[in-house]
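Take a look at the structure set out below.
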Amino acid sequence: MRAVEIGADRILRTTEREPGRPGEGEIRVEVGHAGICGSDLHNLQMPDYAPAGTVLGHEFSGIVAELGTGVGRLRPGDRVAVLPFDFCGVCARCVSGSPQTCVQIRTTKIGGAFRQGAFAESVIVPAASAYVLPDSVGDAEGALVEPIAVGIHGVAAAESSPEEPVAVVGGGPVGVMVTLALQARGFSRIVGVEPNRFRRDRLAGLGIAVTAPDDGPEAAREALAGAVPNVVFDCSGHPTGPSTALELLEPLGRLVVLGSTVRPAPFDFYRLVRDEIRVRGAVCYTREEFKEAIEHLAAGRIPSGDLITDIRDLDRAQESFEELIGNGTTQMKILLTP
Ligand SMILES: [Zn+2]
Ligand SMILES: [Zn+2]
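Put into structure tokens, the structure is as follows:
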């Protein structure tokens with residue numbers, strides 16, 4: 005089968021490899037569509053995390069092709085979206101209800117260093133990680149379940165309620181997914197804060213108020229009819245994101261950080277203490293949140309059509325990564341298809 009591997013020179017190339025056979029409790033999925041994630045772009049630059057030979061791709065849907073032993077729930081031909089981790093279910097973090105921090109999250113990641121990812125014709129996955137797609141969710145849409153689940157987890161992490169005014173900092177894919185998750189959960193008082201004109205317009209296209217960071221927190225409040233956000237989601241992935249988010253917040257507010265940056269970010273800890281701001285990170289999702297993403301798509305609560313900006317053959321992986329890394333991309337989600 006064809007698979008896109010990272011070369012020793014960190015270039016993505018299509019190679020031939022054996023598809024493998026599913027072991028006990030596993031299935032082989034023929035990949036239909038696999039989205040390129042910001043974390044894939046990042047990992048391409050990180051040989052420690054994704055050594056040469058790694059096949060990336062963790063946002064995907066496809067068709068069950070082959071069952072390993074002991075798999076009763078699925079049938080060949082089932083259309084599925086795959087949760088790309090295998091939560092152990094027994095570590096303290098899993099038991100406490102936070103499987104997204106499971107001790108084996110890194111070693112079980114499909115599309116990480118230890119398990120082949122979905123930029124390939126087929127992939128072996130744990131049967132328990134495959135979720136059958138309802139008829140109302142299209143094949144390509146199935147590849148959006150994972151990033152939408154990221155947005156849902158971010159919203160859940162805020163422990164907020166739909167009446168509250170909220171702000172989303174950053175209009176890249178993560179900011180869009182958080183906005184869509186907020187709307188799907190019934191939030192309507194949302195302001196998006198984004199410096200780039202194109203991305204700001206894209207957020208506005210989702211039906212929310214938008215401002216630029218340079219306009220200051222007053223502009224965001226004005227956009228919320230005078231309300232000060234109780235919750236701000238930093239989805240910028242930029243070192244200025246956390247401080248921009250902090251300025252927007254009401255005292256006692258919650259700051260949820262989803263966009264990570266490896267560069268140091270300045271942060272006003274005086275303000276944090278004085279106003280008793282709560283800050284937390286949010287990563288991945290639980291199984292319930294993954295299922296919730298499917299339910300929102302099935303019910304038409306997420307306008308997925310605009311999210312997929314291109315569908316391309318696997319052979320165009322390198323070119324697509326370069327385009328997404330480049331400044332000023334107008335792409336949202338590029339899906340690769342074998
Ligand atoms: Zn992702
Ligand atoms: Zn665990």
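Residue numbers (the working numbering): 5 to 342.
We put the beta carbon where it would ideally sit given N, CA and C, even for glycine.
> Where are the beta strand (DSSP E) runs, 3 residues long or more, that stay fully inside the segment 191-227, in chain order?
Replying inline: Within the segment 191-227, the complete beta strand (DSSP E) runs of at least 3 residues are 194-197 and 213-215.
>> Out of V86, V107 and E150, which one is the CA nearest neighbour of A134?
In response: Along the sequence shown, read from residue 1 onward, the residue named residue 134 stands at position 130. Nearest option by C-alpha distance: V86.
> Can you tell me whether DSSP reads S65 as helix, strand or coil?
Replying inline: As a first step, residue 65 must be located in the sequence shown, where it is residue number 61. Correct three-state label for S65: strand.
> In whole angstroms, what separates the C-alpha of V236 from that of Q104?
Replying inline: Your numbering for residue 236 matches position 232 in the sequence shown. Your numbering for residue 104 matches position 100 in the sequence shown. Looking at the two C-alpha atoms, the distance is approximately 21 Å.
>> To the nearest angstrom, how far is the alpha carbon of R291 from that of I298?
In response: Position 287 of the sequence shown, counting from 1, holds the residue named residue 291. Position 294 of the sequence shown, counting from 1, holds the residue named residue 298. Straight-line Cα distance between these residues: approximately 11 Å.
> Do you know how far the Cα of L184 is from the Cα of L276?
Replying inline: The residue you call residue 276 lines up with position 272 of the sequence shown. The residue you call residue 184 lines up with position 180 of the sequence shown. Spanning the two alpha carbons is a distance of roughly 28 Å.
> Which one of L328, A321, N331 and G330 has the shortest CA to CA distance from A7?
Replying inline: Here residue 7 refers to the residue found at position 3 when the sequence shown is read from its first residue. Comparing C-alpha distances from A7 to each of L328, A321, N331 and G330 shows the shortest one belongs to A321.
> Counting Cβ pairs, one atom from each stretch, are 3 or more of them under 8 Å apart for the segment 110-127 and the segment 248-261?
Replying inline: no
> Which class does V159 belong to by DSSP, given the choice of helix, strand or coil?
Replying inline: For the purposes of this step, residue 159 is identified with residue 155 of the sequence shown, where counting begins at 1. It is helical.
> Name the DSSP bridge partner or partners of P243?
Replying inline: Here residue 243 refers to the residue found at position 239 of the sequence shown. Looking at the DSSP assignment, P243 forms no beta bridge with any residue, so it has no partner.
> In chain order, what are the residues with a CB under 5 Å from some non-hydrogen atom of ligand 2?
Replying inline: C92, C95, C98 and C106
> Should the segment 82-100 be called in touch with the segment 121-137, which here means at least 3 C-beta pairs below 8 Å?
Replying inline: yes
> Which class does K295 belong to by DSSP, given the choice of helix, strand or coil?
Replying inline: Taking the first residue of the sequence shown as position 1, residue 295 is located at position 291. K295 falls in the helix class under three-state DSSP.
> Would the beta-carbon of M336 fall within 8 Å of that of P177?
Replying inline: Position 332 of the sequence shown holds residue 336. Position 173 of the sequence shown holds residue 177. It is a contact, given that the beta carbons lie within the stated cut-off.
>> Per the DSSP calculation, E9 is bridged to which residue(s)?
In response: For the purposes of this step, residue 9 is identified with residue 5 of the sequence shown, where counting begins at 1. Beta-bridge annotation (DSSP): E9 is paired with R17.
> Whole-angstrom Cβ separation of L137 and R83, contact assumed at under 8 Å?
Replying inline: Taking the sequence shown and counting its residues from 1, the one referred to as residue 137 is at position 133. Taking the sequence shown and counting its residues from 1, the one referred to as residue 83 is at position 79. Going by Cβ atoms, the distance from L137 to R83 rounds to 5 Å, so yes, they are a contact pair.
> Just the Cα atoms here: how many angstroms apart are P243 and R25?
Replying inline: As a first step, residue 243 must be located in the sequence shown, where it is residue number 239. As a first step, residue 25 must be located in the sequence shown, where it is residue number 21. Their backbone Cα atoms lie some 44 Å apart in a straight line.
>> Quick check: is any heavy atom of ligand 1 less than 7 Å from the C-beta of H62?
In response: Mapped onto the sequence shown, residue 62 falls at position 58. In this structure, the C-beta of H62 approaches ligand 1 to less than 7 Å from one of its heavy atoms.
> Is the Cβ-Cβ distance between D205 and T18 less than 8 Å?
Replying inline: Stepping through the sequence shown from its first residue, residue 205 is reached at position 201. Stepping through the sequence shown from its first residue, residue 18 is reached at position 14. No.
> According to the neighbour-count rule (16 or more other Cβ atoms, all chains shown, within 10 Å of its Cβ), is S308 buried or exposed?
Replying inline: Here the question's residue 308 lines up with position 304 in the sequence shown. With 16 or more Cβ atoms within 10 Å of its Cβ, S308 is classed as buried.
>> If I measure Cβ to Cβ from C98 and keep anything under 7 Å in the same chain, skipping five residues before and after, which residues do I get?
In response: Counting from 1 along the sequence shown, the entry for residue 98 is found at position 94. Once the five neighbours on either side are set aside, the close Cβ partners of C98 are F91, C92 and C106.
>> If I follow the unbroken beta strand (DSSP E) through T313, where does it start and stop?
In response: The residue given as residue 313 occupies position 309 in the sequence shown. I312 to D317 is the extent of the beta strand (DSSP E) around T313.
>> Could you compute how far the alpha carbon of D13 sits from the alpha carbon of T333?
In response: As a working note, residue 13 is residue 9 in the sequence shown. As a working note, residue 333 is residue 329 in the sequence shown. About 24 Å.
>> Between the segment 209-226 and the segment 137-146, can you find at least three pairs of beta-carbon atoms closer than 8 Å?
In response: no
> Does DSSP classify Y274 as helix, strand or coil?
Replying inline: Against the sequence shown, residue 274 aligns to sequence position 270. The answer is helix: DSSP assigns Y274 an H, G or I state.
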